[in-house]
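From first to last, the protein sequence lines stand for chains A and B. What the first sequence shows, in our numbering, is residues 1 to 110, in sequence order. What the second sequence shows, in our numbering, is residues 1001 to 1157, in sequence order. By construction, the Cβ of each residue, glycine as well, lies at the ideal position given by its N, Cα and C atoms. Take a look at the structure below.
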Amino acid sequence: MIEIDVSTERGIAVVVPRGRLNMVAAKRLREALAEVVAGGTHRIVVDLGETTFLDSSGLGALVSGLKAARQAGGDLRVARPTPEVLAVFQLTNIDKVLRPRPDVASAFDV
Amino acid sequence: MSEPTGSTGSTGSARTAGRVVAHLELPADPEALDTAHDALDAAWAEHPEIGAGERIRFVTALMEILGNVVEHAYAADASAAERRLTVEVVGDGDGGLRGRIEDNGQPAALDLSDVVMPDADAESGRGLALAVAALDDLSYIRVGSRNVWTLRCERRP
């Protein structure tokens, strides 16, 4: 099962999915990201450092959040991907639009 | 919770071809994904010959196929009790993995040679393309009243 923590500091929401982002969990991530954007925070960092698995539906949820954030004038960035997550980013070529950042704190610096 | 039947791990100690990593018989429902994932996570410790890269690519593909089966193989009115799938994962003795997923759902209308990775802004449709990209070979055949998916993941240097 997955836990999704959301916290906001200085206008940036940090979303931390802990566990497996699979078909069952992706729906919850999609909802969590939509809620953040609807709540008025348009800059989001998804901290993938504790995401032990990512599948195509989890990736779809990230892309959905990315599009919502950009439509609102912000952005969604991903940080600290585990080897499991990075493999999926590379196999799907999504790393072109979701470039993994080495840490959460500097994800919006550049 | 749906408990798997069958067994995980292996009784043999020697590195032999066709060493069983997991054999599971499960209800074909979304919980099967976590159940199979848990069983495999528990089994890897017994298979140090399988490297992290192969394990990650294989599990990524296996979960996509399992997800496809539980979401698409059954008619909406198929009774939950009759939806069954089996998962077998075998080490090839050379650091690679073979998998076989069987279900008793409806035939799948698909051609794996047609599968392409969607554009970066797509929110769905990557599942089979991801499985194909992760593996060295993926095949689907209909055998009698069952769908059979076979997965092959070679060790990469």
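- Using a Cβ-Cβ cut-off of less than 7 Å, give me the residues of the segment 60-87 of chain A that come near chain B, in sequence order. Cβ contacts with chain B: G60, V63, S64, K67, P83, E84 and A87.
Discussion item. With H, G and I counted as helix, E and B as strand and the rest as coil, what does DSSP make of L1085/B?
Written reply: Residue state, collapsed to three classes: strand.
- Can you find a C-beta in chain B that's less than 8 Å from the C-beta of S106/A? The C-beta of S106/A comes no closer than 8 Å to any C-beta of chain B.
Coil, strand or helix - L91/A by DSSP
L91/A: helix per DSSP, three-state reduction.
- prompt: Which of helix, strand or coil does DSSP assign to S57/A?
  reply: In the displayed model, S57/A falls within a helix according to three-state DSSP.
Could you tell me which of A1042/B, G1099/B and P1048/B sits nearest to L1066/B, measuring between CA atoms? Distances from the CA of L1066/B to each of A1042/B, G1099/B and P1048/B were compared; the closest alpha carbon is that of G1099/B.
| query | Using 8 Å as the limit for Cβ to Cβ distance, is I94/A near chain B? | reply | It does: the Cβ of I94/A has a partner Cβ on chain B nearer than 8 Å.
message: Helix, strand or coil for G1091/B? Go by DSSP, reduced to three states.
response: The answer is strand: DSSP assigns G1091/B an E or B state.
Notebook entry, point to check: Three-state secondary structure (DSSP) at S64/A?
Noted result: S64/A falls in the helix class under three-state DSSP.
- prompt: Hey, quick one: how far does the beta strand (DSSP E) through R1100/B stretch, first residue to last?
  reply: If you look at R1100/B, you'll find it in the beta strand (DSSP E) that goes L1097 to D1103.
Determine which residues share a DSSP beta bridge with P17/A and list them.
DSSP lists I4/A as the beta-bridge partner residues of P17/A.
Three-state class that DSSP yields for I1056/B in the structure shown: Here I1056/B sits in helix by DSSP.
Of all Cβ atoms in chain A, is any one closer than 8 Å to the Cβ of I1056/B? At a cut-off of 8 Å between beta-carbon atoms, I1056/B makes contact with chain A.
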